[in-house]
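Peer 1: Got a structure for you, written out below as structure tokens; questions coming shortly.
In the numbering used here, the protein residues as written are 78 to 408.
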């Protein structure tokens with residue numbers, strides 16, 4: 078009812094429709110105004126790793142350029158621990174206002190199955206913003222291994238089941254799950270040897286025969302001829318090592334990339350997510366960023382929030398199957 082001059086009047090149908098339309102438009106206008114004003118203060122980009130590691134380096138490169146485009150500082154906030162779960166949970170619990178973002182990595186997709194009892198679900202509780210960086214691993218062998226190609230290595234491994242060791246940086250790391258995926262898809266039985274420190278000296282010395290290694294850690298040894306690169310693990314050949322084939326050229330369906338992206342708390346307004354996505358894609362499109370990523374042995378991803386969300390869900394499902402099949406447990 079409407080009250081006019083002390084007289085209560087029943088509103089007309091036209092008045093009801095008008096009031097309903099206004100009530101609908103006002104929140105949308107408010108959200109639009111909020112997105113237009115965003116950001117009005119510094120944005121924090123949480124990295125679940127210590128300074129100096131690749132997620133931190135990539136995060137800082139993105140943050141620097143994003144600060145220039147947004148007109149506000151984007152501050153990298155390192156919160157290492159528990160395989161990046163500490164930093165991830167901090168963002169999950171943060172206000173959904175666009176001022177706390179997360180560097181999502183390959184590890185988040187693995188951790189969803191590797192760690193039992195997590196208080197969050199990376200696919201459900203983080204709003205995807207954009208993929209940023211991807212880099213293949215290198216299937217690198219000691220010179221003591223007679224195989225010079227992937228088919229020769231598979232034949233050698235099948236002739237020596239349980240006798241060939243592959244090194245990793247620990248249980249559930251990218252080297253570990255890449256090795257177990259190779260066991261599953263190539264039909265071999267490699268033995269996992271986890272390291273707490275660098276495994277590269279033992280790989281050079283032949284104490285371990287193989288690693289699926291991040292490119293920056295082995296590329297100079299391959300170029301110098303002190304390690305033998307057999308293949309890269311991405312879907313396409315790498316410009317950094319153009320003479321190496323992909324594993325998938327010999328083992329169909331095999332693909333492993335180290336990758337990063339940006340996410341926000343799940344209820345972050347779509348207008349803010351889209352604004353961040355547009356600005357991040359603009360950063361990724363610059364020759365400067367492409368060159369910086371190439372120096373790290375990688376390339377840009379980019380794309381829509383929906384595309385990154387699907388990618389994150391697919392990766393989580395893929396690595397969940399590998400972890401369950403290989404019965405990988407966290408240290």
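From the three backbone atoms N, C-alpha and C, an ideal C-beta is built for every residue, glycine too.
(1) Using alpha carbons as the reference points, say which of 295, 398, 357 and 373 lies closest to residue 144.
(2) If I'm right that residue 224 touches residue 295 with Cβ under 8 Å, what's the distance once you round it to whole angstroms?
(3) With distances taken between CB atoms, is the gap from residue 200 to residue 389 smaller than 8 Å?
(4) Does DSSP classify residue 300 as helix, strand or coil?
(5) Measure the alpha-carbon distance for residue 382 versus residue 350 and round it to whole angstroms.
(6) Tell me the residue span of the alpha helix (DSSP H) that contains residue 146.
(7) Which residue marks the beginning of the alpha helix (DSSP H) containing residue 162, and which one marks its end?
(8) According to the neighbour-count rule (16 or more other Cβ atoms, all chains shown, within 10 Å of its Cβ), is residue 305 buried or exposed?
(9) Distance, Cα to Cα, residue 277 vs residue 117?
(10) Between which two residues does the beta strand (DSSP E) carrying residue 256 extend?
(11) For residue 168, which residues of its own chain have a beta-carbon under 8 Å away from its beta-carbon, when the five flanking residues on both sides are left out?
(12) Check residue 213 in the structure and name its three-state DSSP category.
(13) Count the other C-beta atoms from every protein chain shown that fall within 10 angstroms of the C-beta of residue 113, then say buried if there are 16 or more, exposed otherwise.
(14) Please say whether residue 285 and residue 237 have beta carbons closer to each other than 8 Å?
(15) Give me the Cα-Cα distance between residue 374 and residue 293, rounded to the nearest whole angstrom.
(16) Going by beta-carbon coordinates alone, are residue 315 and residue 309 separated by less than 8 Å?
(17) Which word fits residue 162, buried or exposed, when buried means at least 16 other C-beta atoms lie within 10 angstroms of its C-beta?
(18) Output yes or no for whether 8 Å exceeds the beta carbon distance between residue 396 and residue 190.
(19) On the DSSP letters alone, give me the boundaries of the alpha helix (DSSP H) that residue 358 sits inside.
(20) Could you tell me which of 372, 326 and 255 sits nearest to residue 403, measuring between CA atoms?
(21) Assign residue 226 to one of two classes, buried (16 or more other C-beta atoms within 10 Å of its C-beta) or exposed (fewer than that).
(22) Who are the near neighbours of residue 399 in its chain, counting only those whose CB is closer than 6 Å to its CB and skipping five residues on each side?
(23) Candidates 154, 115 and 186: which alpha carbon is nearest residue 333's?
(24) May I have the straight-line CA-CA distance separating residue 248 from residue 183, to the nearest angstrom?
(25) Among the residues of its own chain, which have a CB less than 7 Å from the CB of residue 393, if the five just before and after it don't count?
(26) Check this for me: beta carbons of residue 337 and residue 210, under 8 Å apart or not?
(27) Going by beta carbon distance, what residues of the same chain come within less than 7 Å of residue 386, once the five residues before and after it are set aside?
(28) Take residue 451 and list the residues in its own chain whose beta-carbon comes closer than 6 Å to its own, dropping the five residues that flank it on each side.
(29) How is residue 233 classed by DSSP in three states: helix, strand or coil?
(30) Could you pull out every residue in the same chain whose Cβ sits closer than 7 Å to the Cβ of residue 370, ignoring the five residues on either side in sequence?
(31) Specify, as a first and last residue, the run of the beta strand (DSSP E) that residue 154 falls within.
(32) Determine the closest residue to residue 220 out of 301, 192 and 152, with distance taken between C-alpha atoms.
Peer 2: The relevant details are as follows:
(1) Within the chain shown, numbered from 1, the residue matching residue 144 stands at position 67. Here the closest residue by C-alpha is 357.
(2) Here the question's residue 224 lines up with position 147 in the chain shown. Here the question's residue 295 lines up with position 218 in the chain shown. Rounded to whole angstroms, the Cβ separation of residue 224 and residue 295 is 17 Å, and the two are not in contact under 8 Å.
(3) Looking up residue 200 in the chain shown gives position 123. Looking up residue 389 in the chain shown gives position 312. Cβ atoms of residue 200 and residue 389: closer than 8 Å.
(4) The count along the chain shown starts at 1 and reaches residue 300 at position 223. Residue state, collapsed to three classes: helix.
(5) Numbered from 1 along the chain shown, position 305 holds the residue referred to as residue 382. Numbered from 1 along the chain shown, position 273 holds the residue referred to as residue 350. Here the C-alpha atom of residue 382 lies approximately 8 Å from the C-alpha atom of residue 350.
(6) Indexing the chain shown from 1 puts residue 146 at position 69. 131-147 is the span of the alpha helix (DSSP H), which, as asked, contains residue 146.
(7) To locate residue 162, count along the chain shown from 1; it is residue 85. Where residue 162 is concerned, the enclosing alpha helix (DSSP H) starts and stops at 162-169.
(8) Indexing the chain shown from 1 puts residue 305 at position 228. That one is buried.
(9) Residue numbering aside, residue 277 sits at position 200 when the chain shown is read from its first letter. Residue numbering aside, residue 117 sits at position 40 when the chain shown is read from its first letter. Cα atoms of residue 277 and residue 117: separation of roughly 46 Å, rounded to the nearest angstrom.
(10) As a working note, residue 256 is residue 179 in the chain shown. In the DSSP assignment, residue 256 falls outside any beta strand (DSSP E) and lies within the alpha helix (DSSP H) extending over 251-263.
(11) The residue you call residue 168 lines up with position 91 of the chain shown. The beta carbon of residue 168 lies closer than 8 Å to those of 123, 177, 178, 179, 203, 340, 341 and 342 in the same chain, with the five residues before and after it left out.
(12) Reading the chain shown from its first residue, position 136 is the one you call residue 213. Secondary structure at residue 213: strand, using DSSP grouped into helix, strand and coil.
(13) Mapped onto the chain shown, residue 113 falls at position 36. Per the 10 Å Cβ criterion, exposed.
(14) Taking the first residue of the chain shown as position 1, residue 237 is located at position 160. Taking the first residue of the chain shown as position 1, residue 285 is located at position 208. No. Outside cutoff.
(15) By 1-based counting over the chain shown, the position of residue 374 is 297. By 1-based counting over the chain shown, the position of residue 293 is 216. Near 7 Å, if we compare the C-alpha coordinates of residue 293 and residue 374.
(16) On the chain shown, position 238 is the one that residue 315 refers to. On the chain shown, position 232 is the one that residue 309 refers to. Contact flag set, yes.
(17) Residue 162 sits at position 85 when you count from the first residue of the chain shown. By the Cβ neighbour-count rule, residue 162 is buried, with 16 or more other Cβ atoms within 10 Å of its own.
(18) Residue 396 sits at position 319 when you count from the first residue of the chain shown. Residue 190 sits at position 113 when you count from the first residue of the chain shown. Between residue 396 and residue 190, the C-beta gap is smaller than 8 Å, which places the two residues in contact.
(19) Counting from one through the chain shown, the residue named residue 358 turns up at place 281. Residue 358: member of the alpha helix (DSSP H) spanning 347-361, first to last residue.
(20) Walking along the chain shown from the start, residue 403 turns up at place 326. Checked all of 372, 326 and 255; the closest Cα to residue 403 is 255.
(21) To locate residue 226, count along the chain shown from 1; it is residue 149. Burial call: exposed.
(22) Locating residue 399 in the chain shown gives position 322, where the first residue counts as 1. Result list for residue 399: 254, 257 and 258, in chain order.
(23) On the chain shown, position 256 is the one that residue 333 refers to. If we check each option's Cα against that of residue 333, 186 comes out closest.
(24) Your numbering for residue 248 matches position 171 in the chain shown. Your numbering for residue 183 matches position 106 in the chain shown. Cα to Cα, the separation comes out at about 14 Å.
(25) Translated into positions along the chain shown, residue 393 becomes position 316. If we look at residue 393 and ignore the five residues flanking it on each side, its Cβ neighbours are 186, 189, 199 and 200.
(26) On the chain shown, position 260 is the one that residue 337 refers to. On the chain shown, position 133 is the one that residue 210 refers to. Yes.
(27) Residue mapping note: residue 386 aligns to position 309 of the chain shown, counting from 1. Excluding sequence neighbours, residue 386 sits near 205.
(28) Because the chain is modelled from 78 through 408, residue 451 falls outside the range shown and cannot be assessed.
(29) Walking along the chain shown from the start, residue 233 turns up at place 156. DSSP places residue 233 in the helix class (H, G or I) of the three-state scheme.
(30) Within the chain shown, residue 370 is the residue found at index 293, counting from 1. The answer, listed in chain order, is 210, 376 and 377.
(31) Against the chain shown, residue 154 aligns to sequence position 77. Unbroken beta strand (DSSP E) run through residue 154: 151-155.
(32) Mapped onto the chain shown, residue 220 falls at position 143. Residue 220 has its Cα closest to that of 301, out of 301, 192 and 152.
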